[in-house]
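**Student:** Below is one structure. I have some questions about it.
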Amino acid sequence: MFRILALVLLLTLLGVPTFGWWLAQRSLPVMDGIVSAPQLSRSAMVKFDERGIPYIEASSSHDIFFTQGYITASERMFQMDVLRRTALGELSGLLGSSSLAEDKLNRTIGFNRIAKEEWKKTSKKTRADIQAYCDGVNAYLTANQGKVSPEFLLLGSDPGKWNPTDSIAILKYNQYALEESWRLDDLKQRALDKIGDQLAGTLFNQTFLKDLIGEQVDSQHKPGQQADAHKAISQLSNFPNAPQSAWGSNAWAVAGPFSDSKGALLACDKHSGFTAPDEWFICSLASGEMHIAGATIPGVPGILIGRNADIGWSSVALKADTQDLFLEQFAAQFPGKYHSPTGWENVTELKEEIPVRFGKPLIHKVLVTKHGPILSKTETTGVALAWTGADVGTTPVFDSIWAINQAKTWQEFNAALSHYAGSAQTFLFVDKLGNIGYQCAGNIPVRAVNNGNQLMPGWQPNSEWRGRAAFASLPAAFKPAANYVVADSPTVFSSYNFNNPFRAMRVEGALESLKKSNQKVGLPDMAYLQGDQLAHLAPLVKKEVRQASTRTEIIDKLQLSAINTIDKWNGQMTPDSVAASIYESFIITFAKRILEPKLGTEMTLEYMKRYPRWSVFVEQVLSQKPKEWLPPEERTYETFILTTFGASIKNLTVASKAEDQKQWQWQNFHKIRFESRLDEVSSWVSSTLGTLLEIQPVGVGGDADTVNACNVDFQVEPWLFKCSSGPTVRLLIDMADPDQFFESIPLGQSGHILSSYRSDQLKSWMEAKPLPVAFSTAQLDKQQEHKLILNNE
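Shown next, in the form of structure tokens:
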């Protein structure tokens, strides 16, 4: 039936555009009137504001979450299906064999298995609420059969029933994407093998155990098995692309004595890959039992960051390295046996059936040791992934989220986090009394040797994790003396994460400057900081280029003009800035010229993509000028800086096809393309829906080092510096006033291609302009545009 509908849709869209438009229009959600929902204990009401944000009012916890599931499905069902298929390793059933590599990896890691175990341990009350959410999703699907999103019809697919383990798997996958570090560990190992422990230590600002794996492989394996072991390690670089995550997020809080309203202030922006539709969904949930509002991920019930009537909260990935790679030795004559610290043990073998669109299901074999699933294997060697996120703790993640959503005090908030066993994060707290606090929480491994930055031999006792970091040992403070706290501050969290410190340093410096001048902080100051695009390395680059140019004669007029341009620059990487393009081209060219002679081109690009502190390394080399990093073709750093500057200018002229600096605006090179998984199916899918699907690329400012962190992908086509990740949700909260609550997402609330709420927030997001979220009834009445009743009769 769905294949027939897909064919009808294809023909109508190609031959009768008006009918195709009508067919897509039919799938738009109802936002006014009455719909039947007999599963509710009492009728629920949903009010929508001018941006399509739903404000749900119901009489019980069950009805709140049922309605949240119903409304979210009405706006984001295709996205929800893609998210759960990704987590469960079932994308190939929707997109075909091109997704098999990704599915096999996700089945190997086992989000489907982890979700089932979490569901078993989740408390009865939380299970009931998650089930209510799922029932709401399924009620929407049942009530709207034949009106599914055009994407489903186009692919001949049925979304199918929504299950509690789908929601858990999505959350688990999201947390994995936030803290995936095993690929970086693999990169560190390959860099260590290539350039040695001294240079690798400088490159990653870490101490390495010299040639640990090489020594272990050579001593533990017979001569004929050594090549087999190295082959297993080398296979790690063949995996599909990593989840589109980003290098941390921003969050800071200001206490009442330091704020202009005397209320506690909270700013948060979460960073991830830019997608269409947006990763985040804004909503408000109110009943007699609770009132919570903020942002969540479609498919995940409740609120992940936001506020209730008493407190507000946010979180930032701690990037604490919760994943390690272990080299496993398998018996040559008994392949089901592997060598552990206590002797030979049996490997667990699982068979995962992966559905494939237009093909037979694939049976994927997964091997699991005591350290975790085997990512790559040869005859006698395997590489296992250990990840603390695979632990199913005594308190599953959703139980902790529920407790946070309902906390009223710092003590209750802290108690909820004391049992939190999810991805390691820094949680920020504000309350209506003007108090602030922070608490790091999550599963962080305690290691006997090294800090998790290289492969470990799984058969050695000292390789084993010694447990998890105690909650009491993690950074925390309530009512800090400074009256503000910045997540990722190098002064507080440096021993736990490998995030780039420049953004937190900028926020901390701005707050400290206001404090020293006896100025109070207001939400406008917080909003300004969220949009800040000051380049941290700009003063250093300007100084070094100018000094080098004064000591060496430059006859190239284009270079002289470019030097004058950055000399006059204020350091802000605004979209229309020419100097920003010159600056970014220089630091990237500088990094490549330093690294490529030692790492090679491919590993250099991988380093700059995977390691969030690569610009810290650039700062170190540019300021200290160590001889060992000077490229072999250069005699001095002065000439190296100038030739690099010339090469960076050439990159801009080639990419823009112009020597006129007016064509070098940063937005011309630095653009976002909002990606859709439909793009991966085939060209005819995109061409079928044509401009209905496509959101035109937009030029943006900033880079990965600025507070408004729009990253840079290192590619030549089509824009030289593509932007693929950045702030995908911003929140601002003043606890002194319930209606001083603001949000911003890149596109909009809806995933429907014809919805007026699909991309209506783009302009505001690009300007870092906060948009109001109603929390009081009076404010909601002012913002209300639509009202929908879910009738239980």
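Heads up: the sequence shown begins at 0 in numbering that gives the first Met the number 0, then just goes up one per residue. Positions of the beta carbon are idealized from the N, C-alpha and C atoms, including for glycine. All values derive from a computational prediction rather than experimental measurement.
1. Quick one: any contact between the region 108 to 125 and the region 389 to 408, if contact means 3 or more CB pairs under 8 Å?
2. For Ala-57, count neighbouring C-beta atoms within 10 Å of its own C-beta (all shown protein chains included) and say buried if the count is 16 or more, exposed if not.
3. Identify the continuous beta strand (DSSP E) that holds Tyr-54 and give its terminal residues.
4. Which term fits Ile-335, buried or exposed, when burial requires 16 or more other beta carbons within 10 angstroms of its beta carbon?
5. Examine the Cβ distances between the region 410 to 420 and the region 351 to 361 and report whether three or more of them are shorter than 8 Å.
6. Rounded to whole angstroms, what is the Cα-Cα separation between Ala-547 and Phe-203?
7. Round the Cβ separation of Gln-78 and Pro-297 to the nearest angstrom and send it over; I've been treating them as touching at under 8 Å.
8. Please list the terminal residues of the continuous beta strand (DSSP E) segment that includes Asp-659.
9. Tell me, please, whether the region 46 to 54 touches the region 766 to 774 by the rule of three or more beta-carbon pairs shorter than 8 Å.
10. Quick check on the DSSP output: the alpha helix (DSSP H) that includes Asp-102 runs from which residue to which?
11. Starting from the C-beta of Ser-96, find all residues in its chain whose C-beta is less than 7 Å away, skip the five residues before and the five after it, and write them out in chain order.
12. Indicate the three-state DSSP secondary structure (helix, strand or coil) for Pro-372 in the structure shown.
13. Can you confirm whether the region 159 to 169 touches the region 127 to 145 when touching is taken to mean that 3 or more C-beta pairs between the two stretches lie within less than 8 Å?
14. Use the C-beta contact count for Gln-144: other C-beta atoms within 10 angstroms, 16 or more gives buried, fewer gives exposed.
15. Please report the straight-line C-alpha distance between Lys-781 and Val-45, rounded to a whole angstrom.
16. Label Ser-472 either buried or exposed according to how many other C-beta atoms from any shown protein chain fall within 10 Å of its C-beta, with 16 as the threshold for buried.
17. Cα separation between Glu-507 and Asn-249?
18. Going by DSSP in three states, Asp-217 sits in which element: helix, strand or coil?
19. Where does Asp-323 sit, in a helix, a strand or coil, going by DSSP?
20. For Trp-458, does the three-state DSSP call read helix, strand or coil?
21. Which value, in whole angstroms, describes the spacing of the CA atoms of Trp-401 and Thr-71?
22. Compare the beta carbon distance of Leu-539 and Ser-675 with 8 Å and say whether it is the shorter of the two.
23. Quick one: using the 10 Å Cβ neighbour count with 16 as the cut-off for buried, is Gly-441 buried or exposed?
24. In the region 112 to 152, which residue ranges form an unbroken alpha helix (DSSP H) of at least 4 residues, counting only runs that do not cross its ends?
25. Under 8 Å, with one C-beta from each stretch per pair, do the region 399 to 414 and the region 370 to 381 reach the 3-pair mark?
26. The beta strand (DSSP E) with Thr-727 in it runs from where to where?
27. Sorted by chain position, which residues of the same chain lie with C-beta nearer than 6 Å to His-535's C-beta, five sequence neighbours on each side aside?
28. Using the DSSP secondary-structure output, state which residues sit across from Leu-427 in a beta bridge.
29. Is any heavy atom of the ligand ADP found at a distance shorter than 7 Å from the C-beta of Ala-275?
30. I need the straight-line Cα distance from Ile-565 to Lys-649, nearest angstrom please.
31. Secondary structure at Glu-808, three-state DSSP: helix, strand or coil?
32. Which residue from Gln-748, Gln-778, Lys-786 and Lys-103 puts its Cα closest to that of Ala-294?
33. Can you tell me where the beta strand (DSSP E) holding Lys-171 begins and where it ends?
34. So Arg-306 is in the beta strand (DSSP E); what residue range does that whole segment cover?
**Tutor:** This is what the structure gives:
1. yes
2. The residue given as residue 57 occupies position 58 in the sequence shown. Buried, by the Cβ-count rule.
3. Taking the first residue of the sequence shown as 1, we reach residue 54 at position 55. It spans 53 to 56 - the beta strand (DSSP E) in which Tyr-54 sits, taken as one unbroken run.
4. Position 336 of the sequence shown, counted from the start, is the residue given in the question as residue 335. Residue 335 is actually Gly in this sequence, not Ile. Exposed is the call here.
5. no
6. In the sequence shown, residue 547 corresponds to position 548, counting from 1. In the sequence shown, residue 203 corresponds to position 204, counting from 1. Taking the straight line joining both Cα atoms gives about 28 Å.
7. Stepping through the sequence shown from its first residue, residue 78 is reached at position 79. Stepping through the sequence shown from its first residue, residue 297 is reached at position 298. Correct: roughly 5 Å between the Cβ atoms.
8. The sequence position of residue 659 within the sequence shown is 660, counting from 1. Neither: Asp-659 is in no beta strand (DSSP E) and is coded neither H nor E.
9. yes
10. Your numbering for residue 102 matches position 103 in the sequence shown. Residues 99 to 108.
11. The residue given as residue 96 occupies position 97 in the sequence shown. Closer than 7 Å at Cβ, skipping near neighbours: Val-355 and Gly-358.
12. Start at 1 with the first residue of the sequence shown, and residue 372 comes out as number 373. Correct three-state label for Pro-372: strand.
13. yes
14. Position 145 of the sequence shown, counting from 1, holds the residue named residue 144. Per the 10 Å Cβ criterion, exposed.
15. Reading the sequence shown from its first residue, position 782 is the one you call residue 781. Reading the sequence shown from its first residue, position 46 is the one you call residue 45. Taking the straight line joining both Cα atoms gives about 15 Å.
16. Within the sequence shown, the letter at position 473 stands for residue 472. Exposed: under 16 other Cβ atoms inside 10 Å.
17. As a first step, residue 507 is located in the sequence shown; it is residue number 508 there, counting from the start. As a first step, residue 249 is located in the sequence shown; it is residue number 250 there, counting from the start. When rounded, the distance between both Cα atoms is 11 Å.
18. Numbered from 1 along the sequence shown, position 218 holds the residue referred to as residue 217. Legend: pLDDT at Asp-217 = 49, less than 50; position of this residue unreliable, value from coordinates given subsequently. Asp-217 falls in the helix class under three-state DSSP.
19. Mapped onto the sequence shown, residue 323 falls at position 324. Residue state, collapsed to three classes: strand.
20. Working through the sequence shown from its first residue, we reach residue 458 at position 459. Coil.
21. Here residue 401 corresponds to residue number 402 of the sequence shown, with the count starting at 1. Here residue 71 corresponds to residue number 72 of the sequence shown, with the count starting at 1. Between Trp-401 and Thr-71, the C-alpha separation is close to 19 Å.
22. Residue numbering aside, residue 539 sits at position 540 when the sequence shown is read from its first letter. Residue numbering aside, residue 675 sits at position 676 when the sequence shown is read from its first letter. No; because the gap between Cβ atoms is not below 8 Å, this pair is not in contact.
23. Walking along the sequence shown from the start, residue 441 turns up at place 442. Per the 10 Å Cβ criterion, buried.
24. 123 to 142
25. no
26. Residue numbering aside, residue 727 sits at position 728 when the sequence shown is read from its first letter. First-last of the beta strand (DSSP E) with Thr-727: 724 to 733.
27. As a first step, residue 535 is located in the sequence shown; it is residue number 536 there, counting from the start. Answer for His-535: Phe-501 and Asp-704, listed in chain order.
28. Counting from one through the sequence shown, the residue named residue 427 turns up at place 428. BP columns for Leu-427 point to Ser-313 and Tyr-437.
29. Here there are no bound small molecules, and the ligand ADP is not part of this structure.
30. Numbered from its first residue, the sequence shown carries residue 565 at position 566. Numbered from its first residue, the sequence shown carries residue 649 at position 650. Taking the straight line joining both Cα atoms gives about 16 Å.
31. There is simply no residue 808 to check, as the chain begins at 0 and stops at 792 in what is shown.
32. As a working mapping, residue 294 is identified with position 295 in the sequence shown. Selected option, being the one with the closest Cα: Gln-748.
33. On the sequence shown, residue 171 is found 172 positions in, with the first residue counted as 1. Lys-171 -> not in any beta strand (DSSP E); alpha helix (DSSP H) instead, spanning 163 to 178.
34. Taking the first residue of the sequence shown as 1, we reach residue 306 at position 307. That run of the beta strand (DSSP E) goes 304 to 307.
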